[in-house]
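Trainee: Supplied in structure tokens, the structure appears directly below.
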Amino acid sequence: MLRTLRVAIYRDLLLAMRRPADVLTALAFFVIVVSLFPLGVGPEPQLLRTIAPGVIWVSALLASMLSLPRMFAADHADGTLEQMLLSAAPLGGIVVAKVIAHWLVSGLPLVLMSPVLALQYDVEAHSLAALPLTLLLGTPTLGFIGAIGAALTLGLRSSGVLLSLLVLPLYVPVLILGAGAVDMVAAGMSAQGHYLLIAALLVLSAAFAPWAAAAALRISAE
Amino acid sequence: MLELREVTCIRGERTLFSDLSFSIEGSTVLRVGGANGTGKTSLLRIICGLMLPAHGEVHWQGESIRTVREEYWKDLVYVGHLNAVKDDLTAAENLGIGAALAGRSADSAEVFAALDMFGIAQCAPLPARVLSQGQRRRVALARVVTCKASPLWVLDEPFTALDAAAVELMRQLIEAHVNAGGSAILTTHQEVPLTVPVQRRVDLGTC
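Protein chains in written order, with my numbering: chain A, 1 to 222; chain B, 1001 to 1207.
Pasting the structure below:
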């Protein structure tokens, strides 16, 4: 089982490396959106500082949603998914591996880039540290929740719109808590409660989403 | 071993086949015949557990495949219409990673031997993108060699896109597998003669 998990992660990373354009699209989107706001809003430091956490979090959320349909679509198209469904290893485990690999290529870069991009908003040093921390806790949750949506909308024609409708309401708590935590830190308060709640959402989604996504994949593959 | 009990398949509004029952023991080849659109692929997908029948059940070793699940899939190799070959992976990676994802293990020597058997050893380091349709089919079929231990082979049109030599090889592989006690279920429009102890036929569209 662990071996299957490891191979599945390795496989998805290998595929992402051989086709970097897919991954880079979402990252470029994130950089562009975050960088355009200061240009559009104007160079008012206080305003920029206020909107920074929200803008960066919303951009990260949209960027991770942009890459969601890719999670299972290619495997579905070439028949690899059928073979995964017939695997002697539990499908939930394979889904976990796919979410982890997906996060490594499309979530982790967002986390790492966020402090650099936040510099454009003249964010103070202590909230500069809080931002990647909230994203580190929050983006995997987006991946786990997104996996359910991606699995449910697999093979549908207008899957993009439907996927956003399904997934966005579930993303909202993560967004509120994530951006809220950075706001708290910026205001000089402790964001402990927010961190714990985001972590709780992560644990919850990691525990249940793989099985839900696995069930959805079996339905979509019929 | 494998038993279908009154299986009915409905796609959309159309009933493809209803109350289909049969069972096969070891050392058996079952050919699924019928014209295009009579539900051959659907039947194979139901047998694999990829699709749920509208009514009826599929049993493996006396237990419903819906309860044994992974235990059943350990015993099953399915080669479908889609080759399950990733364009960006090499032929060898496709086979090795495919086996690992299926919960089996195939080391590089086994993978190479399987590719060699299908005459595509020289393609092992090439990305599947550059392979021809027939070569990709060979990579997909080479999976049955790395999963030799599985007693039930379910092959959907195994002989399409293959040249005469590969058809002959596939024929020998199926014969060897069945003569060693395994069973194979296949759909084919080509009448490839097989010398095996028990050979049965289900024709869809007539039942």
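Cβ coordinates follow ideal geometry from the N, Cα and C atoms, glycine included.
(1) When DSSP labels each residue in this structure, what does B:V1178 get in the three-state scheme?
(2) B:L1155 and B:A1184: beta carbons closer than 8 Å?
(3) Could you compute how far the alpha carbon of B:Q1190 sits from the alpha carbon of B:Q1133?
(4) Compare the C-alpha of B:Y1078 against each of B:C1123, B:L1152, B:E1025 and name the closest.
(5) Could you check where the beta strand (DSSP E) with B:Q1199 kicks off and where it finishes?
(6) For B:A1208 and A:S114, what's the separation of their Cα atoms in angstroms?
(7) Helix, strand or coil for A:L156, going by three-state DSSP, please let me know.
(8) Name the DSSP beta bridge partners of B:S1132, please?
(9) Check whether the region 35-48 of chain A and the region 1114-1122 of chain B are in contact - that is, three or more C-beta pairs closer than 8 Å.
(10) Measuring only the C-alpha atoms, how far is A:I219 from A:L170?
(11) Cβ closer than 8 Å: which chain B residues qualify as neighbours of A:V95?
(12) Should B:N1179 go down as buried or exposed, given a rule of 16 or more other Cβ atoms within 10 Å for buried?
(13) Alpha carbon to alpha carbon, what distance is there between A:V111 and B:V1145?
(14) Are there 16 or more other CB atoms within 10 angstroms of the CB of A:A97, so buried, or fewer, so exposed?
(15) Report the residue from B:L1173, B:T1187, B:F1022, B:V1130 whose alpha carbon sits nearest the alpha carbon of B:T1195.
(16) For a quick check, are the C-beta atoms of A:L177 and A:I198 less than 8 Å apart?
(17) Please tell me whether B:I1065 has its Cβ less than 8 Å away from any Cβ of chain A.
(18) Just the chain B side, please: which residues come within less than 7 Å of A:S241 by C-beta, in chain order?
(19) Quick one: which residues of the region 18-51 of chain A get their C-beta closer than 9 Å to a C-beta of chain B? List them in chain order.
(20) May I ask you to report which of helix, strand or coil DSSP gives B:C1147?
(21) Is it buried or exposed, B:V1085, if we count other Cβ atoms within 10 angstroms and call 16 or more buried?
(22) Taking the Cβ atom as the reference point for each residue, do A:V23 and A:V116 lie within a distance shorter than 8 Å?
(23) Name the two residues that bound the continuous beta strand (DSSP E) containing B:I1024.
(24) What's the gap between the Cα of B:S1023 and the Cα of B:S1150?
(25) In three-state DSSP terms, what is A:R19?
(26) For A:L14, would you say it is in contact with chain B, using Cβ-to-Cβ distances shorter than 8 Å as the test?
(27) Are the CB atoms of B:L1169 and B:T1038 nearer to each other than 8 Å?
(28) Does DSSP classify B:D1087 as helix, strand or coil?
(29) Looking at the structure shown, is A:P140 part of a helix, part of a strand, or coil, going by DSSP?
(30) Which residues in chain A sit within 8 Å of B:N1083, going by Cβ to Cβ distance?
(31) Looking at the secondary structure, which residues open and close the beta strand (DSSP E) in which B:E1006 lies?
(32) In chain order, what residues of the same chain lie with their CB nearer than 8 Å to the CB of B:H1069, ignoring the 5 residues before and after it?
(33) Assuming A:D12 contacts A:H102 (C-beta within less than 8 Å), just tell me the rounded distance between them.
(34) Report yes if the CB atom of B:R1045 is closer than 8 Å to the CB atom of B:S1021, and no otherwise.
(35) Drop a sphere of 10 angstroms on the beta-carbon of B:P1053, count the other beta-carbons inside from all chains shown, and report buried for 16 or more, exposed for fewer.
Mentor: To lay it out plainly:
(1) helix
(2) yes
(3) Taking the straight line from one Cα to the other gives about 18 Å.
(4) The candidate whose alpha carbon is nearest that of B:Y1078 is B:L1152.
(5) 1198-1203
(6) For residue 1208 of chain B there is no data in the structure shown, the boundaries of chain B being 1001 and 1207.
(7) coil
(8) In the DSSP output, where bridge partners are listed per residue, B:S1132 has none listed.
(9) no
(10) 21 Å
(11) What A:V95 touches in chain B: nothing, since even the nearest Cβ is about 12 Å away.
(12) Within a 10 Å sphere around the beta-carbon of B:N1179 sit fewer than 16 other beta-carbons, which makes this residue exposed.
(13) Here the alpha carbons of A:V111 and B:V1145 stand approximately 44 Å from one another.
(14) buried
(15) B:L1173
(16) yes
(17) no
(18) The question about residue 241 of chain A has no answer, for chain A in this structure spans 1 to 222.
(19) R18, R19
(20) coil
(21) buried
(22) Against a cut-off of 8 Å, the Cβ pair of A:V116 and A:V23 comes out as no contact.
(23) 1014-1024
(24) Roughly 18 Å between the two C-alpha positions.
(25) coil
(26) yes
(27) no
(28) coil
(29) helix
(30) D78, G79
(31) 1002-1011
(32) Looking at the sequence itself, residue 1069 of chain B is Arg, so the reference to His does not match. Taken in chain order, the residues that qualify are G1049.
(33) 7 Å
(34) no
(35) buried
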